[in-house]
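Asker: Got a structure for you, written out below as structure tokens; questions coming shortly.
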Amino acid sequence: MYHQSEFGNLETYLLEKKYIKNNSCEQTLDVHIFTGTVEFKRHRFKSVSLFLINAFDEKTLEIMSKIFVLLCITIALGTTINFLDNETSEWFYILGIMASLVSIIISLCIQNVLEYYQDTFCRECGNKLAYEEIGEPIMKETSNLGDYTLTVTRHWKCRYCGNVDTREGPENIFTEKGKMLPVIHLKNIECKKCSLPGAVVEFKKPDVKEIGNKRITRRYYKCTLCGHEDISEDEETINRSAYACGS
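Each residue of the sequence shown is one higher than the last, beginning at 62 in our numbering.
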């Protein structure tokens, strides 16, 4: 567990991040384990999901999603071939692109429906829309010198048979080890304990996670003179369209 002498400003860090009641950090050497509660899972297109789940089973929904993906590919290929032959107007090309985009959007919507189906289907009693989330979902982040992992644990209870199912997974949250700052960027950072500038270094690569349109970078600093360790987090908004254009 965290000890004040080893990690003097951890309490301040947790308070700044509003990790107060149900959140904590454990440190063993260079391994940090952050745990905290998160919100219940939110499903998009819930009204559409309810209609489709009541109308179809899981296998049919999977087939429907694949059909729309295949339709998107077919329309895109056919439109491109016809456009290269210079035998079609630009309007036909535009309509073809729009039709392929609509197909892939429908497929993605069905994928969200499938996720809702799988989250709420009880395999004990076989009822659809049976599971409801209970308790407090826990997010656990484990950071060491060369790796950074994140898992979310959720608890679901069937409203028909009472079965409780505990599931743990990354929930499609992107995580990676980032790059350390150049030494020149650290020269003006003062140690929060001894207040001396130029003695602070990063002692391991930062943790990076992307949740929604937010990229959160957590950095680990250490003073080479007094040994004081510090954690900081920076949050930035991701512009997906600009990123796609840049790549």
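Glycine included, C-beta positions come from ideal geometry on N, C-alpha and C.
Give the secondary structure of Ala234 by DSSP, where H, G and I count as helix, E and B as strand, and everything else as coil.
Answerer: It is worth fixing the name first, because residue 234 is Ile in this sequence and not Ala. Ile234: coil per DSSP, three-state reduction.
Asker: Taking Ile234 as the reference, which of Pro258, Val262 and Gly273 has the closest Cα?
Answerer: Among Pro258, Val262 and Gly273, the Cα nearest to that of Ile234 belongs to Gly273.
Asker: Per DSSP, what kind of secondary structure is Thr285 in: helix, strand or coil?
Answerer: Coil, per DSSP.
Asker: Under the rule that 16 or more other beta-carbon atoms within 10 Å means buried, what is Ile166, buried or exposed?
Answerer: Ile166 should be labelled exposed.
Asker: Tell me where the alpha helix (DSSP H) around Phe129 begins and ends.
Answerer: Where Phe129 is concerned, the enclosing alpha helix (DSSP H) stretches over Glu119 to Leu145.
Asker: State buried or exposed for Pro258, treating a residue as buried only when at least 16 other CB atoms are found within 10 Å of its CB.
Answerer: Exposed.
Asker: Return the chain-ordered list of same chain residues with a C-beta closer than 6 Å to the C-beta of Tyr178, the five sequence neighbours on each side being excluded.
Answerer: The residues are Ile114 and Glu119.
Asker: Is the segment 279-291 touching the segment 214-233 in the sense that three or more CB pairs, one from each, lie closer than 8 Å?
Answerer: Touching, no.
Asker: Which residues in the same chain have their Cβ closer than 7 Å to the Cβ of Lys265, if we skip the five residues on either side of it in sequence?
Answerer: So the list reads Asp91, Leu206 and Tyr281, once near-sequence residues are dropped.
Asker: Using three-state DSSP, classify His246 as helix, strand or coil.
Answerer: In this structure, His246 counts as helix in the three-state DSSP scheme.
Asker: When the Cα atoms are used, what is the spatial distance from Val168 to Glu294?
Answerer: A small correction: the amino acid at residue 168 is Ser; Val does not occupy that position in the sequence shown. Cα-Cα distance, rounded: 36 Å.
Asker: Which residue comes first and which comes last in the alpha helix (DSSP H) that contains Glu176?
Answerer: That run of the alpha helix (DSSP H) goes Glu151 to Thr181.
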